[in-house]
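A.B. asks: Structure provided below as structure tokens; questions to follow.
Residue numbers (my numbering): 100 to 279.
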């Protein structure tokens with residue numbers, strides 16, 4: 100499967116053509132380790148594009164609270180720093196990690212800085228935002244702190260915009276329903 104995906108990418112195809120769930124993807128952790136999303140099978144996942152110098156940066160606090168409250172019940176939050184909106188994530192991965200841990204005590208998995216739109220969009224975000232990916236939550240990332248909720252089966256089941264805070268009852272209820 101990985102060879103087919105690599106060939107598609109090299110030939111100008113997209114990974115979203117083959118992906119039926121998020122378990123087909125890999126990403127680099129903020130510490131530089133390759134992470135297969137297969138390790139998240141059976142968990143409810145909240146995927147968030149983040150930025151350290153944004154008006155929504157305070158959402159790190161709410162994300163960490165959600166993670167602490169629900170991680171033992173099967174929730175994992177995955178943070179993806181991106182510098183795609185007004186250069187609000189200018190730091191290196193090391194600087195981002197330092198900021199997140201010292202300012203917001205972030206313990207949920209963080210990944211290396213990626214692009215969530217444009218020519219260099221990360222394959223995961225190409226899948227998440229695709230209108231042909233087999234889920235109803237495609238569309239461009241509009242700003243930092245867009246949130247995708249993924250079921251235990253690896254399917255995108257909801258999406259929340261930047262203005263919807265992690266504490267919002269809509270998010271909490273959707274997570275609780277997905278964990279049942």
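All C-beta atoms in this analysis are idealised placements derived from N, C-alpha and C, irrespective of residue type, glycine included.
With C-beta atoms as the reference, is residue 224 less than 7 Å away from residue 232?
C.D. replies: The count along the chain shown starts at 1 and reaches residue 224 at position 125. The count along the chain shown starts at 1 and reaches residue 232 at position 133. No.
A.B. asks: Who pairs with residue 177 in a beta bridge, going by DSSP?
C.D. replies: On the chain shown, position 78 is the one that residue 177 refers to. In DSSP, residue 177 forms a bridge with 146.
A.B. asks: Please say whether residue 263 and residue 161 have beta carbons closer to each other than 7 Å?
C.D. replies: Mapped onto the chain shown, residue 161 falls at position 62. Mapped onto the chain shown, residue 263 falls at position 164. No.
A.B. asks: Can you check whether the CB of residue 169 is closer than 7 Å to the CB of residue 203?
C.D. replies: Within the chain shown, residue 203 is the residue found at index 104, counting from 1. Within the chain shown, residue 169 is the residue found at index 70, counting from 1. In this structure, residue 169 does not lie closer than 7 Å to residue 203 by Cβ.
A.B. asks: Going by other Cβ atoms of all chains shown within 10 Å of its Cβ, with 16 needed for buried, is residue 104 buried or exposed?
C.D. replies: The count along the chain shown starts at 1 and reaches residue 104 at position 5. Because the pLDDT at residue 104 is just 42, under 50, the model does not fix this residue reliably, and the value given afterwards should be weighed accordingly. So residue 104 counts as buried.
A.B. asks: If you scan the segment 197-267 from start to end, which runs of the alpha helix (DSSP H) of 4 or more residues do you find wholly inside it?
C.D. replies: Those alpha helix (DSSP H) runs which fall completely within the segment 197-267 and span 4+ residues are 222-228.
A.B. asks: In angstroms, rounded to a whole number, what distance separates the CA positions of residue 221 and residue 208?
C.D. replies: Counted from its first residue, the chain shown places residue 221 at position 122. Counted from its first residue, the chain shown places residue 208 at position 109. So the two alpha carbons sit approximately 17 Å from each other.
A.B. asks: At the level of alpha carbons, what is the spacing between residue 126 and residue 136?
C.D. replies: As a first step, residue 126 must be located in the chain shown, where it is residue number 27. As a first step, residue 136 must be located in the chain shown, where it is residue number 37. Between residue 126 and residue 136, the C-alpha separation is close to 8 Å.
A.B. asks: Nearest-angstrom Cα distance between residue 192 and residue 131?
C.D. replies: The count along the chain shown starts at 1 and reaches residue 192 at position 93. The count along the chain shown starts at 1 and reaches residue 131 at position 32. Answer to the nearest angstrom: the Cα atoms are 9 Å apart.
A.B. asks: For residue 180, is the classification buried or exposed, using 16 other Cβ atoms within 10 angstroms of its Cβ as the cut-off for buried?
C.D. replies: Translated into the one-based positions of the chain shown, residue 180 becomes position 81. By the neighbour-count rule (16 or more Cβ atoms within 10 Å), residue 180 is buried.
A.B. asks: Can a CB atom of chain D be found closer than 7 Å to the CB of residue 264?
C.D. replies: No chain D is part of this structure, which consists of one protein chain only.
A.B. asks: Figure out for me which residue from 142, 214, 121, 254 has the closest Cα to the Cα of residue 189.
C.D. replies: Along the chain shown, read from residue 1 onward, the residue named residue 189 stands at position 90. Of the listed residues, the one whose Cα sits closest to residue 189 is 214.
A.B. asks: Under DSSP, the beta strand (DSSP E) around residue 188 begins and ends at which residues?
C.D. replies: Residue 188 sits at position 89 when you count from the first residue of the chain shown. Looking at the DSSP string, residue 188 is not in any beta strand (DSSP E), and its letter there is neither H nor E.
A.B. asks: Quick one: what does DSSP say residue 118 is sitting in, helix, strand or coil?
C.D. replies: Within the chain shown, numbered from 1, the residue matching residue 118 stands at position 19. Residue state, collapsed to three classes: coil.
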